[in-house]
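First to last, the sequence lines map onto chains A and B. Under the numbering used here, the first residue of the first sequence carries the number 36, and numbering increases by one thereafter. Under the numbering used here, the first residue of the second sequence carries the number 294, and numbering increases by one thereafter.
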Amino acid sequence: MKKTFRIGGVHPHDNKISAEAAIEVFPAIETAYVSMAQHLGAPATPVVAVGDKVLVGQVIAEPSGFISGYVHSPVSGTVKKIEPRADIAGNMVPHIEITVEGDEWMENIDRTPDIIREIPYTAEEIIAKVKNAGIVGLGGASFPTHVKLAPPKDKKAECLILNGTECEPYLTSDDRIMRERPEEILLGGVIMMKALGVTRGYVGIEENKPAAIASMTEAAKAYPQIEVVTLKKRYPQGGEKQLIDAVIRRQVPSGGLPIETGAVVQNVGTSLAVYEAVQKNKPLIDNVITVTGKCLPVQHNYKVRIGTPMSKILEVAGGVPEKAAKLISGGPMMGRAIANPDAATVKANGAILLLTEEETRRRPESNCIRCSKCASACPMGLEPWLLNKLGRAGLHAELEQERVYDCIECGCCSFTCPAGIPLLDVIRISKAEVMKIMRSRPKK
Amino acid sequence: MTGTILITVACLLALGLLFAIVLYFVAQKFKVEEDPRIGTVESILPGANCGGCGQAGCHAFAENVVKAPSMEGFFCPVGGNPVMTRIAEALGRAVEEKAPMVAVMRCNGTLASRARTNEYDGYASCKVMASLYAGDTGCKYGCLGKGDCEAACKFDAIHVDPEKGIAVVDEDKCTACGACVKACPKGILELRNKGFKNRRVFVSCINRDKGALTRKACGAGCIGCGKCAKTCPFDAITVENNVAYIDFTKCKMCRKCVEVCPTGAIHEVNFPPKPPKTEEKPHEENV
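If you want it as structure tokens, here you go:
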């Protein structure tokens with residue numbers, strides 16, 4: 036019997052229509068706009084000046100705090116400007132604008148397709164290499180990977196789980212890399228297991244990706260320490276807490292961190308980036324982006340350098356069809372609407388989704404009929420209808436009592452609500468307010 | 294038959310009397326001594342329970358003001374000075390007069406001057422919209438027009454004008470309780486002195502972007518050029534973070550800044566229309 040997580044979850048139609056589109060290398064761009072906020076935490080500080088010549092893979096910005104990261108030039112050329120530019124939400128973020136001239140790489144980067152299997156590095160060396168390569172979690176949250184590979188001293192990691200669930204509808208970038216580069220992903224897993232000092236590894240993949248499961252299982256024959264686990268199709272299985280429950284049957288305590296179960300979860304894309312950083316010296320300068328939508332005649336999976344404007348990607352993919360009413364960065368469940376299509380891609384962008392008017396239309400809001408569908412769907416065991424009522428009344432003490440801080444913002448409640456109540460919209464705000472109050476309290 | 298009715302009535306009367314006596318003694322025994330002045334003060338207060346004074350409601354205000362040694366720190370924005378004077382009289386205290394305030398809308402980005410760059414189709418709440426992205430125009434500081442202020446106002450004094458796309462304050466109804474100021478996620482609304490004869494001069498913009506960006510996003514924004522600050526003879530205007538601010542305690546309402554502002558971001562309210570300039574039409578007057 037296939038495994039899955041035990042509480043809640045929904046079954047949106049998976050719409051993996053771009054699954055058969057092999058990864059294409061995106062054509063060279065003329066100008067790259069590299070955001071300094073590529074990761075969760077403090078934006079990086081530029082270390083290049085206007086007029087400097089940079090090579091592909093050269094460090095152009097350094098971390099400015101513990102939770103921050105390096106940023107490398109994705110192209111070779113001249114730094115033209117360093118100034119704020121609008122990101123996908125329209126907020127101004129410092130960007131380094133580089134005019135592309137040729138494609139010259141740093142000399143220490145190994146660009147051959149040969150797979151290097153020996154890992155001569157110690158745990159500290161691996162973590163340093165991962166940090167210097169500017170790797171962040173590519174599952175969407177873009178949390179700096181080196182921080183996750185060095186858990187606090189009082190917590191002991193017991194196993195590594197590679198996240199290949201890709202439970203969001205439409206997205207296929209992880210599916211494609213698992214089909215095309217399975218051994219490199221597993222090697223990335225082995226490297227991270229060495230860094231964590233654990234001997235057990237898992238790859239969790241949902242059953243709707245049989246080709247990826249087959250290729251990963253085949254490649255895993257040479258790596259007995261890593262087990263490929265086939266999971267039932269269920270959203271939000273790719274959530275860190277849900278995946279740990281599904282694979283090793285342990286639940287993260289309320290308000291706690293996933294490391295408390297002894298598991299460290301990393302996305303398969305991150306794993307591939309770790310392999311390339313450690314074995315090939317290649318920093319994180321590109322990622323696979325799915326360009327999909329039912330209104331698009333041709334689906335694509337592009338390997339895109341970071342800093343490519345999304346409008347450019349759409350143009351190369353064949354232009355925005357007239358029927359498309361909404362652009363989304365990421366999947367339809369947790370992705371964010373793109374308010375500014377001229378925004379450049381960042382490390383954690385995984386998809387550009389085009390939806391039509393019919394697909395995005397909101398149901399008119401009516402009254403809660405207490406059907407409790409949201410409570411059954413919530414994967415964190417919360418009561419969204421109650422949080423919604425408390426949130427609208429602004430009752431912060433009660434919201435905290437009802438554990439609003441445990442919400443993972445997966446959107447199952449809004450998805451399942453027959454009355455069309457925007458539950459997540461209200462809960463997300465309430466959560467932010469409650470967390471702000473909780474953080475402002477003096478620590479014991 | 295009549296007997297049964299009479300007995301029932303008698304029994305009920307006896308029981309009623311018994312309970313009345315018990316309740317009377319219980320009430321005497323557990324009587325709560327409340328300062329009678331609290332009731333007096335509460336009767337003077339408007340009873341809107343808006344929370345504009347910072348207390349939990351009118352009763353809490355009355356309780357605390359009676360307990361406090363002086364009137365300092367207590368002000369009912371809804372009732373204003375007349376109510377505060379009456380309360381002070383009832384308590385036998387002195388009270389300082391406060392200048393009446395009014396909520397001021399510091400965004401002038403109407404639909405005409407601020408082009409929409411995208412369409413928001415999410416939950417109609419400014420708070421939710423502001424948490425998701427910069428907004429549906431090029432200006433990320435401006436009014437989102439989803440009416441969180443309108444929902445927060447208990448006095449029907451602020452409304453989102455569908456033609457302008459921004460909130461508009463009805464100054465006759467506004468009591469300066471501050472509910473809208475708290476509700477606005479962009480911090481656009483501000484409480485300012487109502488001013489002599491309700492006349493006010495203020496900068497109707499809070500865009501902190503550089504001038505060129507502001508101009509691109511909105512035709513009526515403050516570009517931080519500083520002309521107003523240079524013109525002001527009373528040192529009332531400061532330009533910080535590319536936006537001007539008029540200190541209402543220093544402003545003498547000479548309106549020189551209004552004339553020099555290149556984008557019309559400085560507003561004057563309730564001034565009589567200016568007389569035609571004498572240099573332009575001198576001969577007309579002679580005719």
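All residues carry an ideal CB built from backbone N, CA and C; glycine is no exception.
| Item | Value |
| --- | --- |
| Interface partners of Ala320(B) on chain A, CB under 8 Å | Those do not exist, as Ala320(B) stays about 34 Å from chain A at its closest Cβ, beyond 8 Å. |
| Spatially closest choice to Ile117(A) from His431(A), Val91(A), Tyr68(A), by CA coordinates | Tyr68(A) |
| Counterpart residues of Tyr237(A) in DSSP-defined beta bridges | Ile196(A), Glu262(A) |
| Limits of the unbroken beta strand (DSSP E) element including Thr403(B) | No beta strand (DSSP E) holds Thr403(B); DSSP gives it neither H nor E. |
| Gly125(A) at chain B interface by Cβ criterion, 8 Å | yes |
| Any chain B beta carbon closer than 8 Å to Pro457(A) | yes |
| Touch test, the region 200 to 215 of chain A against the region 381 to 391 of chain A, Cβ-Cβ under 8 Å, three pairs minimum | yes |
| Residue closest to Gly415(B), alpha-carbon to alpha-carbon, out of Ala408(B), Leu437(B), Leu404(B), Ala396(B) | Leu437(B) |
| Inter-residue Cα distance where the pair is Ala158(A) and Ala230(A) | 4 Å |
| Close Cβ partners of Trp420(A) (< 6 Å) along its chain, the five nearest in sequence each way excluded | Cys403, Cys409 |
| Validate contact between the region 454 to 465 of chain A and the region 51 to 59 of chain A using beta carbons, cut 8 Å, 3 pairs | no |
| Beta-carbon proximity check, Cys448(A) vs Leu389(A), cutoff 8 Å | no |
| Contacts of Asn411(B) in chain A (Cβ-Cβ under 7 Å) | Ala374 |
| Val110(A) to Glu136(A) span [Cα, whole Å] | 8 Å |
| Euclidean distance between Cα positions of Glu153(A) and Gly435(B) | 57 Å |
| Residue range of the unbroken alpha helix (DSSP H) whose run includes Val282(A) | 275 to 283 |
| Pro47(A) classed as buried or exposed, judged by whether at least 16 other C-beta atoms fall within 10 angstroms | buried |
| Proximity to Ala249(A) [Cα-Cα], best of Lys88(A), Arg398(A), Asn423(A), Glu218(A) | Glu218(A) |
| CB contact below 8 Å: Gly350(B) versus chain A | no |
| Pro293(A) vs Ile42(A) beta-carbon contact at 8 Å | no |
| Closer than 7 Å at the beta carbon, the chain A residues around Tyr416(B) | Pro457, Asp460 |
| Close-in-space but distant-in-sequence residues of the same chain around Val532(B) (CB under 7 Å, 5 per side omitted) | Gly517, Gly519, Ala522 |
| Val421(B) at chain A interface by Cβ criterion, 8 Å | yes |
| Asp454(B) - containing alpha helix (DSSP H), residue span | Here Asp454(B) belongs to no alpha helix (DSSP H); instead the beta strand (DSSP E) covers 451 to 454. |
| Where Val333(A) falls, given that 16 or more other Cβ within 10 Å makes a residue buried | exposed |
| Cβ of Ser406(B) within 8 Å of any chain A Cβ | no |
| Cβ distance (whole Å) where Gly175(A) is taken to contact Gly365(A) below 8 Å | 6 Å |
| Closer than 7 Å at the beta carbon, the chain A residues around Gly428(B) | Gly125 |
| Buried or exposed (CB count within 10 angstroms, at least 16 for buried), Ile380(B) | buried |
| C-alpha gap between Arg493(B) and Ile481(B), whole angstroms | 17 Å |
| Endpoints, the alpha helix (DSSP H) within which Asn336(A) is located | Segment 335 to 340 is the beta strand (DSSP E) holding Asn336(A); no alpha helix (DSSP H) there. |
| Exposed unless 16 or more other CB atoms sit within 10 angstroms - verdict on Met477(A) | It is Pro, not Met, that sits at residue 477(A) in the sequence shown. Pro477(A) should be labelled exposed. |
| Residues within the region 430 to 444 of chain B neighbouring chain A, beta-carbon criterion of under 7 Å | Lys433 |
| Burial state of Phe318(B), where buried means 16 or more other Cβ atoms lie within 10 Å | exposed |
| Cβ-Cβ distance between Gly600(B) and Cys511(B) below 8 Å | As shown, chain B starts at 294 and ends at 580. That puts residue 600(B) outside it, with no answer to give. |
| Minimum C-alpha distance to Glu201(A) - residue among Tyr337(A), Gly172(A), Val182(A), Lys244(A) | Lys244(A) |
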